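Taking full-length UniProt numbering, the leading residue of the sequence shown gets 1, the next gets one more, and so forth. For glycine and all other residues, C-beta sits at the position ideal for the given N, C-alpha and C. Quick caveat, the model's predicted, so the values are computed rather than measured.
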Amino acid sequence: MSLEDGQQNTSDFLTTQVMIGSPDQVHHSPKGKRKSNSARNRLPHFCWSGSGRGEARSVLEQQDTKKFSADKKRKAVLRYQPGGHVFVASHPLRNTSQGKNAKLLPRRDGPYVILTQRSPSSYKIVSIDKTGASLGVYHTFALIPCNNDKVNLIILLREGGRPPKVPQTSGSSSGRRRN
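Encoded structure:
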C-alpha cells in the first residue's frame with residue numbers, strides 16, 4: 001500500500017491500519033487477551049507509536065482520575081429481598097382543577113411489597129392489599145426502604161393548599177383596619 005505525503009496522519013489512514021488483517025487474526029490476537037486496566041492497553045497500537053503518544057496518555061490519565069473521583073461519590077446500590085416493604089418515589093404533578101398542589105402532595109407512595117427481582121437493578125412490586133395485582137417494575141433508585149416492621153398505610157392527600165374562602169357576610173369584620 002503506497003501512501004502520499006501527509007496521508008499517514010489522516011483519519012482514513014488510521015482506520016485502515018486498524019482494519020488490516022483477517023477476522024481470524026483479529027480474533028486470536030494477543031492484544032485482546034490483556035486484562036490490565038492501564039491506558040496503554042485500552043488504545044490501539046498505532047496511537048502509541050507517534051507524536052501523539054504523550055497527549056493520548058495524558059488525556060486518558062485525566063479521564064481515569066475523573067472517573068475514580070466520580071465513583072467515590074456515587075451512591076451505593078441498595079439490594080432488596082422479595083417480601084420486603086418499600087416506598088416508591090413519586091413525582092406528583094400540579095392539578096389545580098382538582099385542588100392538588102405538587103408542593104403539598106407526598107413524595108413517596110406505599111408501602112408496597114417486593115414480589116421478584118427482574119434485573120440486578122429493578123424490582124417488580126405489588127400492593128399490600130392486593131397481592132395478585134402487580135404495580136409494575138421499578139428501578140432501585142425509585143425505591144425507598146421501609147424500615148419499620150409494622151407498616152402503616154399512607155393516605156394520599158386529596159387537596160392541597162389553602163382552605164376554601166368563606167364568603168363574608170355584611171357586618172362581619174374582614175380583619176382589615178378601617179379609619
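- Counting of Cβ neighbours within 10 angstroms places residue 111 among the buried residues, the total reaching 16 or more.
- At a Cβ-Cβ threshold of 7 angstroms, residue 137 and residue 122 count as neighbours.
- In the structure shown, the three-state DSSP call for residue 117 is strand.
- Going by C-alpha positions, residue 102 is about 26 angstroms away from residue 124.
- Rounded to whole angstroms, the Cβ separation of residue 87 and residue 108 is 4 angstroms, and the two are in contact under 8 angstroms.
- Contact between residue 128 and residue 84 does not hold, since their C-beta atoms are separated by about 12 angstroms, which reaches or exceeds 8 angstroms.
- Scanning 69, 142 and 79 for the CA closest to the CA of residue 90 turns up 142.
- DSSP, reduced to helix, strand and coil, places residue 130 outside both helices and strands of the structure shown, so it counts as coil.
- DSSP links residue 136 through a beta bridge to 125.
- Taking each of 140, 146, 167 and 147 in turn and checking the Cα distance to residue 75, the smallest one comes out for 140.
- If you check the CB distance, residue 82 and residue 116 come in under 7 angstroms.
- Secondary structure at residue 143: strand, using DSSP grouped into helix, strand and coil.
- When beta bridges are read from the DSSP output, residue 112 appears opposite 86 and 127.
- In the displayed model, residue 100 falls within a strand according to three-state DSSP.
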